[in-house]
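S.K.: Handing you a structure now.
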Amino acid sequence: MSLFKARDWWSTVLGEKEEFDQGCLCLADVDNTGNGQDKVIVGSFMGYLRIFNPHPVKTADGAQAEDLLLEVHLRDPILQVEVGKFVSGTEMLHLAVLHSRKLCVYSVSGSLGNVEHGTQYQIKLMYEHNLQRTACNMTYGSFGGVKGRDLICIQSMDGMLMVFEQESYAFGRFLPGSLLPGPLAYSSRTDSFITVSSCRQVESYKYQVLAFATDADKRQETEQQKLGSGKRLVVDWTLNIGEQALDICIVSFNQSASSVFVLGERNFFCLKDNGQIRFMKKLDCSPSCFLPYCSVSEGTINTLIGNHNNMLHVYQDVTLKWATQLPHIPVAVRVGCLHDLKGVIVTLSDDGHLQCSYLGTDPSLFQAPKVESRELNYDELDVELKELQKIIKDVNKSQGVWPMTEREDDLKVSAMVSPNFDSVSQSTDVEVGADLVPSVTVKVTLQNRVTLQKIRLSVYVQPPLVLTCDQFTFEFMAPEMTRTVGFSVYLKGSYLPSELEGNAVVSYSRPTGIPRVSQCKFRLPLKLICLPGQPSKTASHKLTIDTNKSPVSLLSLFPGFANQSEDDQVNVMGFRFLGGSRVTLLASKTSQRYRIQSEQFEDLWLITNELIIRLQEYFEKQGIKDFACSFSGSMPLQEYFELIDHHFERIYFDLVSYLMLLKLGLKEVNKIPSFFSNHVSVLHTCTEKLRINGEKLEELLSERAVQFRAIQRRLLTRFKDKTPGPLQHLDTLLDGTYKQVISLADAVEENQDNLFQSFTRLKSATHLVILLIGLWQKLSADQIAILEAAFLPLQQDTQELGWEETVDAAISHLLKTCLSKSSKEQALNLSSQLSIPKDTSRLKKHITLLCDRLAKGGRLCLSTDAAAPQTMVMPGGCATIPESDLEERSVEQDSTELFTNHKHLIVETPIAEVSPLQGVSE
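Per my numbering, the sequence shown runs over residues 48 to 969.
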């Protein structure tokens with residue numbers, strides 16, 4: 048790419064850790080030699096002023112010591128340097144240096160040395176002006192048409208223009224409506240100042256209007272202005288460009304016309320001197336500086352534009368003529384004549400890289416060797432191509448696109464859960480009821496075989512379980528390296544998690560840049576959320592699990608949850624969760640059954656799942672491989688449906704109650720506007736669209752926030768008025784609106800927490816129902832995975848997408864595909880959008896129908912080979928399943944017989960004799 052690089056003519060690096068900006072560079076014959084050769088003047092924010100006279104460097108040589116003519120430390124930061132006729136009585140060029148609180152004008156001169164050291168340069172302070180306001184930038188010119196001298200105009204940080212007639216201060220004017228200062232330039236043809244305001248519009252002010260306007264001693268309008276005895280400062284013309292400007296430059300290559308160039312953040316504009324747009328150009332890259340420098344052909348202007356991609360573009364009007372690569376990002380660019388070489392481009396970066404370069408190319412001396420021509424044998428090429436295609440096909444068939452061994456051996460992730468609690472619990476200031484919350488440490492180990500980059504470890508557990516740290520980042524891992532990280536897990540909430548399983552996911556990049564993901568799962572101990580408790584004699588919900596092996600002592604299965612007795616065949620055990628609920632587990636002495644009972648249906652899930660897992664692990668250790676569990680009782684669909692109804696209603700009625708409380712509480716204190724009361728009454732009456740109440744609550748919060756900001760603006764206007772009037776109870780309205788905003792925000796936050804708790808309980812009950820269906824119909828792991836995908840499609844419930852309509856769509860799809868009875872049901876009528884259900888009757892009917900068809904021999908599969916042949920269609924939303932009246936009646940009869948409404952779910956064989964607790968009966 049040497050063809051498009053800027054050719055380095057001379058370069059150097061200024062100081063150490065110094066900063067520069069666009070006003071810190073200037074080119075001029077500052078020492079008044081009269082030979083037309085420019086000097087490079089640079090000022091830094093550290094206060095260093097440097098003047099260079101660059102000489103062309105030889106190959107591999109840097110800047111010479113004699114190139115630096117002068118280096119002076121002025122102590123104050125240098126914001127801008129300019130050269131002009133700034134001293135009265137002479138037309139010699141002088142150097143103006145702008146500091147934040149001072150303007151200094153120097154003369155630069157050189158004297159011949161008596162020895163071989165050459166010419167010595169020094170600066171002399173001609174005069175200075177101490178500024179009453181902090182300066183931002185400056186411009187100069189023959190203001191008012193004066194001849195033979197230049198005047199200086201400084202813009203302050205608060206938008207005031209201060210004009211200096213060389214050694215004396217002339218006047219100061221505030222720009223109307225100024226908030227933040229922008230770039231400033233002077234047009235000699237129209238005798239006006241041009242800037243870009245914080246309203247993102249270009250503004251032009253005539254010098255004569257500035258001079259005759261009322262003096263700006265104060266920011267506010269004076270009484271004379273109000274009475275009309277002084278002239279107001281009015282703008283000559285404005286143009287809205289819609290973006291903030293970086294720089295302004297005014298060029299005039301003849302006396303008949305001039306152009307105003309404005310560099311924006313995404314475009315650059317060329318304007319006529321009356322504010323009309325000549326042309327504009329949308330830039331592809333973010334610009335950093337620009338300079339219109341000459342007119343090559345009639346009616347066109349060339350422009351240099353530097354950007355943040357280290358590029359310097361040359362435009363002729365809007366046409367890109369050349370692009371060259373720079374070694375740095377330029378913040379200032381100038382064009383000058385150095386040592387009789389005209390058109391040298393001088394660029395300066397923000398960290399002090401100063402370079403003089405030219406556009407051009409170096410001839411390449413490389414010549415490509417001649418390629419020996421030979422005749423191609425197309426028959427041999429066809430044979431070779433077929434062999435290669437066969438090899439590629441065999442590789443793809445045998446091991447896929449990526450070898451499995453390579454993926455597995457890149458990184459091995461393992462997790463180990465500590466068997467004991469932390470000696471000092473990490474659950475700081477967290478209590479669930481009267482119990483102290485323990486924490487357990489988990490260690491994740493990463494072992495890599497090859498070099499890995501950008502390794503990111505993310506750990507996830509089911510809420511309300513929380514982690515002390517869930518994100519770990521490693522930039523680099525050398526081959527055969529092992530990293531271990533540790534974190535603690537504890538319960539933070541009064542409800543139970545839906546699972547005790549955690550997941551550690553590692554994303555990384557191989558040296559070739561290919562991203563990969565690896566993961567491992569770990570299981571948290573039951574004792575993290577559960578304590579030993581007293582067995583309960585009665586319970587509202589009971590389940591019985593059958594096995595094909597003799598019962599096992601519960602003490603062997605759950606060590607630590609019961610005391611060792613004389614008879615180690617402990618057949619009853621109580622569990623108390625940290626949230627307060629209790630579960631009782633009973634094992635039969637004579638039959639091969641276990642009973643789990645609790646007051647809450649969803650609380651049965653964790654103990655039931657833990658029981659089955661521990662039974663499987665126990666018999667695997669004994670070498671028994673044919674152990675199996677089953678469920679022969681009635682499916683607890685009625686209890687599950689009650690929990691679905693509770694979830695469906697709880698989420699939405701909570702919103703109504705919150706709004707009613709807000710209405711009652713705020714009405715007395717803040718006098719709620721009538722439209723707020725109307726919103727609450729509408730929400731209270733429209734119970735069919737209760738989920739929309741969440742959106743209404745957010746709309747109310749948005750309305751209160753808009754009202755709060757409007758009252759703030761009114762109050763600010765009143766306070767800024769010189770003769771403020773009465774507040775007219777605006778302060779009372781502001782306080783009331785603030786309380787409404789806080790109350791609504793608290794209601795949204797509390798409702799989201801209740802929504803998540805209700806959804807977590809529903810997930811626990813759903814896990815239990817899936818487990819029972821799998822045991823009931825002896826489903827395989829793939830079929831259980833299909834059920835989980837259908838019943839648990841969401842990680843959380845939202846106002847936009849709820850659990851009910853998503854699960855209904857998934858179950859409807861299963862009923863119309865693999866569980867369909869006839870070809871009529873396979874005619875899918877799918878819509879592309881899920882709608883909010885009015886109630887849960889349709890969902891409950893589909894769940895009942897799903898269980899009925901599974902009971903009649905239906906099997907779950909992703910393909911429809913098991914059912915009637917049809918095309919697999921993924922659901923976006925499902926219409927109602929067409930059912931005949933006869934089939935509906937038969938389904939209802941089957942459901943009545945098969946899924947009876949029992950609160951005590953037990954089998955006919957009594958197991959009361961196995962319980963040592965008197966009163967535990969059928």
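Note that beta-carbon positions come from the ideal geometry of N, C-alpha and C, so glycine has one too.
Can you name the start and end residues of the beta strand (DSSP E) that P831 belongs to?
M.R.: According to the sequence as given, residue 831 is Ile; it is not Pro. First-last for I831: 828–838, but that is the alpha helix (DSSP H), not the beta strand (DSSP E).
S.K.: With 16 as the cutoff for other CB atoms within 10 Å, does V920 come out buried or exposed?
M.R.: Note that V920 scores a pLDDT of 33, beneath 50, so its modelled location is shaky; the value from the coordinates is reported in the next line. So V920 ends up on the exposed side.
S.K.: Thinking just about the alpha-carbon of each residue, which of Y187, H375, I654, K171 is nearest to the one in A53?
M.R.: The shortest Cα separation from A53 among Y187, H375, I654, K171 belongs to H375.
S.K.: When we look at the beta-carbon of Y425 and count the other beta-carbons within 10 Å, is it buried (16 or more) or exposed?
M.R.: Looking at its Cβ environment, which holds fewer than 16 other Cβ atoms inside 10 Å, Y425 is exposed.
S.K.: Report yes or no: do three or more beta-carbon pairs, one from the stretch 551–561 and one from the stretch 593–610, lie closer than 8 angstroms?
M.R.: Output reads no: the stretch 593–610 does not touch the stretch 551–561.
S.K.: Using the Cβ count rule (16 or more neighbours within 10 Å means buried), how would you classify V249?
M.R.: That one is buried.
S.K.: Where does G399 land, buried or exposed, given buried means 16+ other C-beta within 10 angstroms?
M.R.: Burial call: buried.
S.K.: Starting from the N-terminal side, write out each stretch of the beta strand (DSSP E) that is 3 residues or longer and does not extend beyond the stretch 562–622.
M.R.: Fully enclosed beta strand (DSSP E) runs of 3 or longer: 562–570, 577–580, 588–594.
S.K.: Who are the near neighbours of T520 in its chain, counting only those whose CB is closer than 6 angstroms to its CB and skipping five residues on each side?
M.R.: Around T520: R503.
S.K.: Quick test of the definition: if touching needs 3 or more C-beta pairs under 8 angstroms, does the stretch 645–655 touch the stretch 664–672?
M.R.: With a cut-off of 8 angstroms, the stretch 664–672 and the stretch 645–655 do not count as touching, because too few Cβ pairs lie within range.
S.K.: Just list the residues that DSSP pairs A182 with in beta bridges.
M.R.: S203.
S.K.: What residue from L423, C908, A752 has the CA that sits closest to L826's CA?
M.R.: The shortest C-alpha separation from L826 is found at C908.
S.K.: For the ligand ATP, is there any heavy atom lying closer than 7 angstroms to the beta carbon of S811?
M.R.: For the structure depicted, the ligand ATP is absent and the ligand set is empty, with no information on it obtainable.
S.K.: Check whether the Cβ atoms of E118 and C151 lie closer than 8 angstroms to each other.
M.R.: No, Cβ-Cβ distance for E118 and C151 is not below 8 angstroms.
S.K.: In angstroms, rounded to a whole number, what distance separates the CA positions of T784 and K368?
M.R.: Going from the Cα of T784 to the Cα of K368 covers about 59 angstroms.
S.K.: What is the residue span of the alpha helix (DSSP H) that K668 lies within?
M.R.: Element bounds for K668: 651–668.
S.K.: I believe R642 touches S583 by the beta-carbon criterion, under 8 angstroms. Please report the beta-carbon distance rounded to the nearest angstrom.
M.R.: Not a contact, Cβ separation roughly 12 angstroms.
S.K.: Using a Cβ-Cβ cutoff of less than 8 angstroms, which residues in the same chain neighbour D855 once the five nearest sequence positions on both sides are dropped?
M.R.: Within the same chain, D855 has close Cβ partners P884, R889, L890, H893, C925.
S.K.: Relative to the C-alpha of P485, which candidate in R496, T186, S465, L435 has its C-alpha closest?
M.R.: Checked all of R496, T186, S465, L435; the closest Cα to P485 is S465.
S.K.: Looking at V243: is its Cβ nearer than 8 angstroms to the Cβ of A292?
M.R.: Contact: yes.
S.K.: Contact check, V307 vs S234 under 8 angstroms by CB: the rounded distance?
M.R.: At roughly 7 angstroms, the Cβ-Cβ gap stays under 8 angstroms, so V307 and S234 are in contact.
S.K.: Would you identify the three-state DSSP class for E422, choosing helix, strand or coil?
M.R.: Reduced to three states, the DSSP call for E422 is coil.
S.K.: Rounding to the nearest angstrom, what Cα-Cα distance links G275 and I201 in this structure?
M.R.: Because the pLDDT of G275 is 41, which lies under 50, any placement of that residue in the model is unreliable, and the number read from its coordinates should be weighed accordingly. Looking at the two C-alpha atoms, the distance is approximately 28 angstroms.
S.K.: Excluding the five sequence neighbours on either side, which residues of its own chain have a C-beta within less than 6 angstroms of the C-beta of S942, listed in chain order?
M.R.: Because S942 sits at a pLDDT of 43, beneath the cut-off of 50, its placement in the model cannot be relied upon, and the following sentence gives the value as read from the coordinates. T895.
S.K.: Answer yes if the stretch 578–595 comes into contact with the stretch 467–477, meaning at least three C-beta pairs across the two stretches below 8 angstroms, and no otherwise.
M.R.: These segments do not touch.
S.K.: Does the beta-carbon distance from V322 to T350 come in below 8 angstroms?
M.R.: Here residue 322 turns out to be Gly, not Val, going by the sequence shown. No, the Cβ-Cβ distance between G322 and T350 is not below 8 angstroms.
S.K.: When DSSP labels each residue in this structure, what does Y542 get in the three-state scheme?
M.R.: Three-state DSSP puts Y542 in coil, outside helix and strand.
S.K.: Give me, in chain order, the residues of the same chain whose beta-carbon lies closer than 8 angstroms to that of I324; leave out the 5 immediate sequence neighbours on both sides.
M.R.: Counting only Cβ-Cβ distances below 8 angstroms, and skipping sequence neighbours, we find L286, F316, C317, L318.
S.K.: When you compare only the Cα positions, how much space is there between I88 and L226?
M.R.: Their Cα atoms are separated by approximately 32 angstroms.
S.K.: Any C-beta of chain C sitting closer than 8 angstroms to the C-beta of N354?
M.R.: Among the chains of the structure shown, chain C does not appear; only one protein chain is present.
S.K.: Based on DSSP bridge pairs, tell me the residues matched to L351.
M.R.: Looking at the DSSP assignment, L351 forms a beta bridge with L338, V361.
S.K.: Taking the C-alpha atoms as reference points, what is the distance between L538 and V513?
M.R.: When rounded, the distance between both Cα atoms is 6 angstroms.
S.K.: Could you tell me which of Y254, P377, L142, Q804 sits nearest to P511, measuring between CA atoms?
M.R.: Among Y254, P377, L142, Q804, the Cα nearest to that of P511 belongs to Q804.
S.K.: Can you grab the Cα-Cα spacing for the pair F755 / D782, in whole Å?
M.R.: One C-alpha to the other measures close to 9 angstroms.
S.K.: Report buried or exposed for V391, applying the criterion of at least 16 other Cβ atoms within 10 angstroms of its Cβ.
M.R.: Buried, since its Cβ has 16 or more Cβ neighbours within 10 Å.
S.K.: Quick one: Cα of D844 to Cα of W850, how far?
M.R.: Cα to Cα, D844 sits roughly 6 angstroms from W850.
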